[in-house]
Amino acid sequence: MRNLSQTLIAAQRSDSAVPYVKLEARGSIAGVMRLKFTRLYSGSEADYFHAAAQPADGSLIRARVTPPSDARKLYYQRVAGPGENSDFSQWIYSGQYNSVVVAAASLGAEVSIFWIMSDQKIQRIKSADNGASWSSPELIDFSVSPAINGICAAYKPDGDLALFFADQQTLYVKKYLSGQWQTRAAWDKTTGDLSGVSIVYDGDWNLFVTGKDTAGNFKLWSLIYGDGGAVPSSAWSELKEIATAPAASGYEYRHASLAKPDVFRCFYAEKYGGEQSYSRPFWTHTATGSAFSESLWREAVPFNLSSDYGLALTHHGDYCWLSSPNGVWRANFNSPTLNLSSDVLSLKQESDADSGKLAVELRNDDGRYATLDEPLRTGSELYLSLGYLTSQGNEVSEGQSFQITACEYRSSGGKSSLALHAEDAWSALTGWRARHQFRWNRGSNQKAVKDMLAFVLAKAGIKLEVLSTSATILNFYPDFSINPGENGREVVNKLLSFVPDVIFIEGNRAFLLNPLSSDASCYTYGNAHSIYEGRYAQAELMPNSVRVEGWNTTTGAPIIASVFDWEAIESNYDRPIVIEDGNLGSVAQAQERGESILRKFTIASADGFISVPPNCGQQLYDIIEINDPRAGLSAVKRRVLGIGLLYSPRTSEYRQKIILGAP
Numbered sequence: 092m093r094n095l096s097q098t099l100i101a102a103q104r105s106d107s108a109v110p111y112v113k114l115e116a117r118g119s120i121a122g123v124m125r126l127k128f129t130r131l132y133s134g135s136e137a138d139y140f141h142a143a144a145q146p147a148d149g150s151l152i153r154a155r156v157t158p159p160s161d162a163r164k165l166y167y168q169r170v171a172g173p174g175e176n177s178d179f180s181q182w183i184y185s186g187q188y189n190s191v192v193v194a195a196a197s198l199g200a201e202v203s204i205f206w207i208m209s210d211q212k213i214q215r216i217k218s219a220d221n222g223a224s225w226s227s228p229e230l231i232d233f234s235v236s237p238a239i240n241g242i243c244a245a246y247k248p249d250g251d252l253a254l255f256f257a258d259q260q261t262l263y264v265k266k267y268l269s270g271q272w273q274t275r276a277a278w279d280k281t282t283g284d285l286s287g288v289s290i291v292y293d294g295d296w297n298l299f300v301t302g303k304d305t306a307g308n309f310k311l312w313s314l315i316y317g318d319g320g321a322v323p324s325s326a327w328s329e330l331k332e333i334a335t336a337p338a339a340s341g342y343e344y345r346h347a348s349l350a351k352p353d354v355f356r357c358f359y360a361e362k363y364g365g366e367q368s369y370s371r372p373f374w375t376h377t378a379t380g381s382a383f384s385e386s387l388w389r390e391a392v393p394f395n396l397s398s399d400y401g402l403a404l405t406h407h408g409d410y411c412w413l414s415s416p417n418g419v420w421r422a423n424f425n426s427p428t429l430n431l432s433s434d435v436l437s438l439k440q441e442s443d444a445d446s447g448k449l450a451v452e453l454r455n456d457d458g459r460y461a462t463l464d465e466p467l468r469t470g471s472e473l474y475l476s477l478g479y480l481t482s483q484g485n486e487v488s489e490g491q492s493f494q495i496t497a498c499e500y501r502s503s504g505g506k507s508s509l510a511l512h513a514e515d516a517w518s519a520l521t522g523w524r525a526r527h528q529f530r531w532n533r534g535s536n537q538k539a540v541k542d543m544l545a546f547v548l549a550k551a552g553i554k555l556e557v558l559s560t561s562a563t564i565l566n567f568y569p570d571f572s573i574n575p576g577e578n579g580r581e582v583v584n585k586l587l588s589f590v591p592d593v594i595f596i597e598g599n600r601a602f603l604l605n606p607l608s609s610d611a612s613c614y615t616y617g618n619a620h621s622i623y624e625g626r627y628a629q630a631e632l633m634p635n636s637v638r639v640e641g642w643n644t645t646t647g648a649p650i651i652a653s654v655f656d657w658e659a660i661e662s663n664y665d666r667p668i669v670i671e672d673g674n675l676g677s678v679a680q681a682q683e684r685g686e687s688i689l690r691k692f693t694i695a696s697a698d699g700f701i702s703v704p705p706n707c708g709q710q711l712y713d714i715i716e717i718n719d720p721r722a723g724l725s726a727v728k729r730r731v732l733g734i735g736l737l738y739s740p741r742t743s744e745y746r747q748k749i750i751l752g753a754p
């Protein structure tokens, strides 16, 4: 149950309570602002290596290298106060040619442009005045080879910076500390050739890497070079896989660009060499509230552009910018919030174990919603907060959100209204389908069930939060595959079938808990909090025994374990099910599986509901206590398996329906 103030608890228990429902529309998806990029410049420059940065005055600094047919010349550009009427076509030739790759970084008024030349020189020019003037080229070091496919740089807040470059199969870092360049250092990983690298400093040097593994499979990885944040200074984290494409599939990943305007966002180029070949940018971002070290990235989304070298991402103030040699795009990431609360005519919410829906009707008699645009349109989010008028004013409990799936205009009897249909993040999870195969724990322990759950949920932008866990979900490493085309709901339900744990979704978060029969009650209905209506049923337990079969991979012997509910068997005889799983290698594991399966059936064996004045903080799987002397119930515990809400200011209806299960 969400925490409520004492004044809000008192209000929801009062017989004279005054309802207050807060409903807002925001231009976000899974809690992350939806960026709507507008192209401000379309030029004729050749698509090749490029970079962008924005210093403190907001000017846009762009750099590009021309293709080999034009001697790989290095150009740069500064556009002060960039906007719709800016000229992005004017470039300054640096006098440098045979440049292989280029990178840019800024801090305050200082801007640096780095490049590596075909003779392996690593050079920099620096500006101390937001790019208005530049120093002469500075020789920093030499690369091991001219085969450089990725380079990036970032400043720390104290003025130190680090330059990373991918030289064939090795990623190097060269740091600039207290005004002195340090000796370059190589990473400690073994991969195939790398094809791109990008960086954001945020307590550590956070990297997004593209390239091949030793088997030739293309990969997207996250990586941290430590600076004492999540990783010790000068240490490398493990490579964490974000996406993979088999060597023979024809897919390649290249040219990443990472930034953090709100969450970590990254653009990269995906190339496909099949019959309908393409090369286009894709973008992704971390799940809101997640740390870079968790590597929880949503499924990548294609960007409407054909490009071999991707897009450079930067930001300043209220805007994110994308740049290529021949294009500039801009998006405002501070979309307004629209308060709909006073226009609600009716509202209906239904949430259960694996779905959540919201239907809202808004007044439109004066045509106030005749035109739908940001933030009120399909794809936007509705944030619902239940509350009451209290002694402190209007108070609510926040946490629920739903994505608008349809907008419907209604006209009847001379009246007009707008109906909004929305669904919670279970719908987004169902909408996610694996583009490629994922497989874990085939030959070693890579991800426990909890970690696989977090990975899949993040693909739909959902962050996994832990309330309680079983030991199984933390320590069970099944050989598990996600096949192309499988949707997220199927995968999540399959993973949850291995463990006694459950999840429920609110907003952009999935809450994980292990429901125990010994869980304490968090709220009481029937004394201070009225019950309008109650129905309480106890159904036959089906099944009432579970036989689990596994396989001991060491001895080759079969493993069999059985779990029984003897009281139910005595009443209705044996109603068994049989479960087979080759991942179960011990009797203890088989026994745990049987117990978790029977436990979930036991929770569902009780049925019924109570209708009550809304409890603003009630959540799925809460344990509640019911006192209903009309039905002979005193201090009876039940588990919340569903929540419904009806709200109609016109009829003064404000009612909650709580679906009940066994504790």
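Quick note: the sequence shown uses the working numbering, first residue 92, plus one each step. Backbone N, C-alpha and C fix where the C-beta goes; we use that ideal spot for every residue, glycine too. Quick caveat, the model's predicted, so the values are computed rather than measured.
(1) Check whether the stretch 439-450 and the stretch 167-187 are in contact - that is, three or more C-beta pairs closer than 8 Å.
(2) Using DSSP's beta-bridge definition, name the partner residues of W225.
(3) Would D434 be called buried (16 or more neighbouring beta carbons within 10 Å of its own) or exposed?
(4) Just to confirm the assignment: which complete alpha helix (DSSP H) runs, minimum length 4, are found wholly within the stretch 458-533?
(5) Cα separation between V192 and L262?
(6) Is it true that the stretch 714-724 meets the stretch 620-634, where meeting means three or more beta-carbon pairs spaced less than 8 Å apart?
(7) Rounded to whole angstroms, what is the Cα-Cα separation between S608 and P634?
(8) Does the contact criterion of 3 or more C-beta pairs under 8 Å hold for the stretch 226-234 versus the stretch 278-287?
(9) Taking Cβ to Cβ, would you say E671 is nearer than 8 Å to E640?
(10) For A196, which residues from the same chain have a beta carbon less than 7 Å from its beta carbon, with the 5 sequence-adjacent residues on both sides left out?
(11) Do the CB positions of S492 and L473 come within less than 8 Å of each other?
(12) Buried or exposed: where does A403 fall if 16 or more other Cβ atoms within 10 Å of its Cβ makes it buried?
(13) Taking only three categories from DSSP, how would you classify F205?
(14) Mind checking which residues open and close the beta strand (DSSP E) that includes W312?
(15) Once DSSP output is grouped into helix, strand and coil, what is the label at M124?
(16) With DSSP as the reference, label E640 as helix, strand or coil.
(17) Going by DSSP, which residues form a beta bridge with Q747?
(18) By a C-beta neighbour count over all protein chains shown, 10 Å radius and 16 as the cutoff for buried, is P146 buried or exposed?
(19) Check G579 in the structure and name its three-state DSSP category.
(20) For R741, which option in P110, S325, V669 and N578 has the closest C-alpha, if you only look at C-alpha atoms?
(21) Cα separation between W523 and L387?
(22) Within 10 angstroms of the Cβ of E175, are there 16 or more other Cβ atoms? Answer buried if so, exposed if not.
(23) On a Cα-Cα basis, can you pick out the residue from K310, G576 and N423 that is closest to A334?
(24) Let me check one thing: in DSSP terms, what residues is L431 bridge-paired to?
(25) Is L252 helix, strand or coil by DSSP?
(26) Considering Cα atoms alone, identify which of V703, N189, G199 and A360 is closest to Y745.
(27) Please determine, among Y342, S507, P754 and P248, the residue with the shortest C-alpha to C-alpha distance to W296.
(28) How big is the Cα-Cα spacing for W225 and K266?
(29) Span of the alpha helix (DSSP H) holding G678?
(30) Note down the Cα distance separating G270 from D220, rounded to an integer number of angstroms.
(31) With distances taken Cα to Cα, identify the nearest neighbour of A726 among Y616, S621, S662 and H406.
(32) What three-state label does DSSP hand L413 in the structure shown?
(33) Tell whether a beta-carbon distance below 8 Å holds between N718 and N605.
(34) Which first and last residues belong to the alpha helix (DSSP H) in which I564 is found?
(35) So, for G598: in the same chain, excluding its five sequence neighbours on each side, which residues have a beta-carbon less than 7 Å away from its beta-carbon?
(36) E597 lies in the beta strand (DSSP E); which residues open and close that run?
If we stick to the structure as given:
(1) For the pair of segments examined, the stretch 439-450 was found not to touch the stretch 167-187: the number of CB pairs separated by less than 8 Å stays below three.
(2) According to DSSP, W225 bridges with nothing at all.
(3) Residue burial annotation: D434 is buried, with at least 16 other C-beta atoms found within 10 angstroms of its C-beta.
(4) If we require 4 residues or more, the alpha helix (DSSP H) runs fully inside the stretch 458-533 come out as 516-522.
(5) C-alpha separation (whole angstroms): 15 Å.
(6) A contact exists between the stretch 714-724 and the stretch 620-634.
(7) Take the alpha-carbon of S608 and the one of P634: they are about 18 Å apart.
(8) Fewer than three Cβ pairs drawn from the stretch 226-234 and the stretch 278-287 lie within less than 8 Å of each other, which leaves the two stretches out of contact.
(9) Yes. Within cutoff.
(10) If the five residues before and after A196 are omitted, its C-beta is found closer than 7 Å to the C-beta atoms of A144, S203, A244, A245, Y246 and L252, all from its own chain and listed in chain order.
(11) Contact: yes.
(12) Label assigned to A403: buried.
(13) The answer is strand: DSSP assigns F205 an E or B state.
(14) Unbroken beta strand (DSSP E) run through W312: F309 to Y316.
(15) In the structure shown, M124 sits in a strand (DSSP, three-state: E or B).
(16) If DSSP states are grouped into helix, strand and coil, E640 belongs with the strands.
(17) Answer by DSSP bridge pairing, in chain order: V703 and L736.
(18) If you draw a 10 Å sphere on the C-beta of P146, you find 16 or more other C-beta atoms in it, and that means buried.
(19) Helix at G579.
(20) The residue with the shortest Cα to Cα distance from R741 is P110.
(21) Taking the straight line joining both Cα atoms gives about 15 Å.
(22) Exposure of E175 is indicated by the presence of fewer than 16 other C-beta atoms within 10 angstroms of its C-beta.
(23) Of K310, G576 and N423, the residue nearest in Cα terms is K310.
(24) Paired residue(s): none; L431 is not in a bridge.
(25) For L252, the secondary structure class from DSSP, reduced to helix, strand or coil, is strand.
(26) Of V703, N189, G199 and A360, the residue nearest in Cα terms is V703.
(27) The shortest CA-to-CA distance from W296 to any of Y342, S507, P754 and P248 is the one to P248.
(28) Using only the alpha carbons, I get a separation of about 21 Å.
(29) Correcting the residue identity first, residue 678 is Val in this sequence and not Gly. From DSSP, the alpha helix (DSSP H) with V678 extends over V678 to S696.
(30) Pairing G270 with D220, the inter-Cα distance amounts to about 18 Å.
(31) Ranked by Cα distance from A726, the options Y616, S621, S662 and H406 are led by Y616.
(32) Looking at L413 - three-state DSSP - the assignment turns out to be strand.
(33) Between N718 and N605, the CB-CB gap reaches or exceeds 8 Å.
(34) Here the alpha helix (DSSP H) through I564 covers A562 to N566.
(35) Cβ neighbours of G598 beyond the five flanking positions: G122, G490, Q491 and S492.
(36) Per DSSP, E597 is one residue of the beta strand (DSSP E) stretching across V593 to E597.
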